[in-house]
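Novice: In my numbering, the protein residues as written are 1 to 479.
Beta carbons are placed, not taken as given, at the ideal position from N, Cα and C, and that holds for glycine.
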């Protein structure tokens, strides 16, 4: 694994080159801008560009009730009563220790901006099992926190939240329990409500906005690129072999063009068999970080890589299905901000994201064709990639367009590294709740998150469709 700041920036656009350097895996966090916070809120501090939109309100939770059966002062429920807040669209709950599990129920209701209507109670997924591997710099930075999955609620300006320990009374989704007394004091310390405004981060003014179902977007003019930050230029340069500097999307290629590109990208690393018969799916259209409006100042500088991509883990974001495809970029910006500012990761955890309409998005920075080291499957981030479908698929069936997108991105990316989507591979566990650290585990090349970690992710309905995704991806590769 290694990290570096991308350095080759085309002189034709008149941008000074950044010098390539090797970075340690532990890097200083970059602060983000936030608007003035209401009393009790902790927002990200400004740094460098005070005009950047987007913010995080972090509100400490307080006891709501007390359970007399377990002694004076024992907290049975924490939360916040209804209150006015600044605009936000995504909500989550965090706590101090990432190794502490929240054994209980978290529910929120929110007030829609404009009409003032309050939603019903909505549950947050408390077992947020996407994570960096143990003992890695990202996991041991001291900034990582425990968290629920984030929930997309749309533009809102009011919130109420309740967190009840497992067995606590009154939670609508909880069954009666004889363990109420023992469990009611089990809430983690430092509970905070995170209200995320993803903002309107967008490509520079001179760059055309990405069209979700249109023709490939043009690259921005040199004047726009000259004003970009070093972080933005580095993220774009990481894809310089695939698209012009500053592009909002990487266009789809034909099979023949993809096979020619494979020779350029992988060159001498290809095996004799790959040169003779390159089993690779046509490169799909991918919306870049610039295309979905990533604020590159949020993440840590530099990129971290693993050696190869032997497997793909499929996830769902558990953020709900109530978004429109036109809002997908905002959802991703919200998840990105939540992963970095609230959970303490170096960047968004997933390598790729897919929306319900089948659009594919670049996730963690470092180059879509490269083996970027992610934080998606605790214990199995090395030599793998994570693909997250925006939505929740425990009982809801995943859209056909999303399944097709999973097949297309895996057929291409796994094909770059000679992996068969219908095959098996071995990955060494970095430590988790299913396999001890150091154990070689035989996994499907396309696996669900639950195959490497005891979790419900990617949801029962999506997990059931992975066999179809494997077959389709193999067909795209010409197998």
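1) Does the structure place the segment 299-308 close enough to the segment 248-256 that three or more beta carbon pairs sit under 8 Å?
2) Whose C-alpha, out of 150, 312, 479 and 138, is nearest the C-alpha of residue 494?
3) Where does the unbroken alpha helix (DSSP H) through residue 455 begin, and where does it stop?
4) When you compare each of 241, 329, 232 and 473 to residue 266 by their alpha carbons, which one comes out closest?
5) Please classify residue 475: does DSSP put it in a helix, a strand, or coil?
6) With a threshold of 8 Å, are at least 3 pairs of Cβ atoms found where one atom belongs to the segment 408-420 and the other to the segment 78-98?
7) Could you tell me if residue 310 is buried or exposed, where buried requires 16 or more neighbouring beta carbons within 10 angstroms of its beta carbon?
8) Residue 142: buried (16+ other C-beta within 10 angstroms of its C-beta) or exposed?
9) Identify which residue in 285, 283 and 264 has its Cα closest to the Cα of residue 275.
10) What residue range does the alpha helix (DSSP H) around residue 481 cover?
11) Measuring alpha carbon to alpha carbon, tell me which residue in 314, 416 and 469 is nearest residue 369.
12) Where does residue 229 fall in DSSP's three states?
13) To the nearest angstrom, report how far apart residue 379 and residue 97 are at their CA atoms.
14) How is residue 360 classed by DSSP in three states: helix, strand or coil?
15) Have a look at the DSSP bridge pairing and note the partners of residue 313.
16) Select from 430, 414, 296 and 132 the residue whose C-alpha is nearest the C-alpha of residue 470.
17) Would you check if the segment 353-361 and the segment 401-408 touch, i.e. whether three or more CB-CB distances between them fall below 8 Å?
18) Could you pull the start and end residues of the beta strand (DSSP E) that residue 258 belongs to?
19) Over what stretch of residues does the alpha helix (DSSP H) that includes residue 334 continue unbroken?
20) Less than 9 Å separating the beta-carbons of residue 134 and residue 322?
21) So residue 118 is in the alpha helix (DSSP H); what residue range does that whole segment cover?
Specialist: Concretely, from the data shown:
1) no
2) It is not possible to answer for residue 494, since the shown part of the chain is limited to 1 through 479.
3) Against the chain shown, residue 455 aligns to sequence position 455. Careful: residue 455 lies outside any alpha helix (DSSP H) and carries neither H nor E.
4) Taking the first residue of the chain shown as 1, we reach residue 266 at position 266. Of the candidates 241, 329, 232 and 473, the one whose C-alpha sits nearest the C-alpha of residue 266 is 241.
5) Working through the chain shown from its first residue, we reach residue 475 at position 475. Residue state, collapsed to three classes: helix.
6) no
7) For the purposes of this step, residue 310 is taken as the residue at position 310 of the chain shown. It is buried - the Cβ of residue 310 has at least 16 other Cβ atoms within 10 Å.
8) Walking along the chain shown from the start, residue 142 turns up at place 142. Exposed is the call here.
9) As a position in the chain shown, residue 275 is number 275, starting the count at 1. It is 264 whose Cα lies nearest to the Cα of residue 275.
10) Any question about residue 481 goes unanswered here, given that the chain covers just 1 to 479.
11) Within the chain shown, the letter at position 369 stands for residue 369. Among 314, 416 and 469, the Cα nearest to that of residue 369 belongs to 416.
12) Translated into the one-based positions of the chain shown, residue 229 becomes position 229. Coil at residue 229, not helix or strand.
13) Indexing the chain shown from 1 puts residue 379 at position 379. Indexing the chain shown from 1 puts residue 97 at position 97. Residue 379 and residue 97: Cα-Cα distance of roughly 18 Å.
14) Residue numbering aside, residue 360 sits at position 360 when the chain shown is read from its first letter. Here residue 360 sits in strand by DSSP.
15) As a first step, residue 313 must be located in the chain shown, where it is residue number 313. For residue 313, which the question treats as bridged, DSSP gives the partners 386 and 447.
16) Stepping through the chain shown from its first residue, residue 470 is reached at position 470. Among 430, 414, 296 and 132, the Cα nearest to that of residue 470 belongs to 414.
17) Touching, yes, given that three or more Cβ pairs across the two stretches are closer than 8 Å.
18) On the chain shown, position 258 is the one that residue 258 refers to. Premise fails: residue 258 lies in the alpha helix (DSSP H), 255-266, not in any beta strand (DSSP E).
19) Walking along the chain shown from the start, residue 334 turns up at place 334. First-last of the alpha helix (DSSP H) with residue 334: 328-337.
20) Stepping through the chain shown from its first residue, residue 134 is reached at position 134. Stepping through the chain shown from its first residue, residue 322 is reached at position 322. No. Outside cutoff.
21) Counting from 1 along the chain shown, the entry for residue 118 is found at position 118. For residue 118, no alpha helix (DSSP H) encloses it, and the DSSP letter there is neither H nor E.
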